[in-house]
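In what follows, a structure is listed as structure tokens, so that the remarks can point back to it.
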Amino acid sequence: MRLSHIQNSRSPLRLILASSLALACLAMAASTAEAASLTLYKNSLQTSTGRKNIKQFNGSARCDTSGTKSFRVEVGKKTKECAFRVPYPGRSVGLGATARLFESTPKKVKAQTYLAVSIRQDTDGSRYQICVFPSGKRFQLRKIYPNGKIKDLDHGKAGKVGGFGEANRMFLRAYINNRGEAGIVATVNGKRLSAVTDPRGNELEGQDTTFSIGNKRSARGAKGSFVKLIGTAPDPF
């Protein structure tokens, strides 16, 4: 009886240890998956040569660019978004960029103006996109369809999101498996803000990667800068 009592008293402990071990294994697997990528493209945007490699994606938008140590952007009239193509295309890719939205952005557009990184982008506007809003320190991870419909994959407030004039190191990746599922991870300033799976990753056929400043209405007058572009791909080994 006494032995039986001792064994039964230990069973909850065994369950706790087993659960802890399982969680540790899952965390290790997630960490390994996060690190299983190769850096294939880098551009500091701090040289004239590096900046010349970047071209405007949406040619009809009115976007002024300048800068000597960064890629500066000012959004012109009748423009919702100024997006710029990175010469690093692909279906399973990641893109990182460090961006700032300047305090000099007009007050009337500040609240809804975002900084963004997009992958799997097509000329029809479809893409995956991580947006950070310095106003309110918010983020939104979204899937944009060819017809303009937006699917909110995740959103919320995050203390890691920088305010006006502060750096936001954004990174977005979507790696596609052989079943057409997209594993999407978004981080800002070193903190993972979202990790989701899109079972219909093959719905997006674009292969361009871009960074942008935008607003759902008009971003006219919005000003910001970008540096340190990093392109990644899955590590096949």
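Numbering (our numbering), first residue to last: 819 to 1055. Idealized CB from N, CA, C, for every residue including glycine.
Just tell me which of Asp1053, Arg1038, Ile1031, Ala1037 has its CA closest to the CA of Phe889.
-> Ile1031
DSSP three-state assignment for Asn1020, whether helix, strand or coil = helix
Count the other CB atoms, across all protein chains shown, that sit within 10 Å of the CB of Leu858; report buried if there are 16 or more and exposed otherwise.
-> exposed
Do you know how far the Cα of Cys949 is from the Cα of Phe989?
-> 10 Å
Quick one: which unbroken alpha helix (DSSP H) runs of 4-plus residues sit fully inside the region 924-1000? Chain order, please.
-> 925-928
Classify Lys870 as helix, strand or coil using the three-state DSSP reduction.
-> helix
Note down the Cα distance separating Lys926 from Ala1040, rounded to an integer number of angstroms.
-> 10 Å
Is it the case that the Cβ atoms of Arg956 and Arg938 are separated by a distance below 9 Å?
-> no
Can the beta-carbon of Gly912 be found closer than 9 Å to that of Arg991?
-> yes
Given that a residue counts as buried once 16 or more other Cβ atoms are within 10 Å of its Cβ, and exposed if not, what is Thr865?
-> exposed
Drop a sphere of 10 angstroms on the beta-carbon of Arg1018, count the other beta-carbons inside from all chains shown, and report buried for 16 or more, exposed for fewer.
-> exposed
Which of the three DSSP states, helix, strand or coil, is assigned to Arg903?
-> strand
With 16 other Cβ atoms within 10 Å as the buried cut-off, status of Gly1049 | buried
Assigned secondary structure, Arg1035 (DSSP; H/G/I helix, E/B strand, else coil) = coil
Assuming Val891 and Thr897 make a contact with CB atoms under 8 Å, what is their CB distance in whole Å?
-> Their Cβ separation, rounded to whole angstroms, is 11 Å, which puts Val891 and Thr897 out of contact at 8 Å.
Please confirm if the region 972-989 is in contact with the region 1001-1012, defined as three or more CB-CB distances below 8 Å between the two stretches.
-> yes
In whole angstroms, what is the alpha-carbon distance linking Asp1053 and Tyr993?
-> 11 Å
Near Leu841, what residues of its chain come up, given a Cβ to Cβ distance below 7 Å and the 5 sequence neighbours on each side ignored?
-> A caution first: Leu841 carries a pLDDT of 36, below 50, which makes its placement in the model too unreliable to give a value.
Can you name, in chain order, every residue of its own chain whose Cβ lies under 6 Å from the Cβ of Arg1035, other than the five neighbours on each side?
-> none
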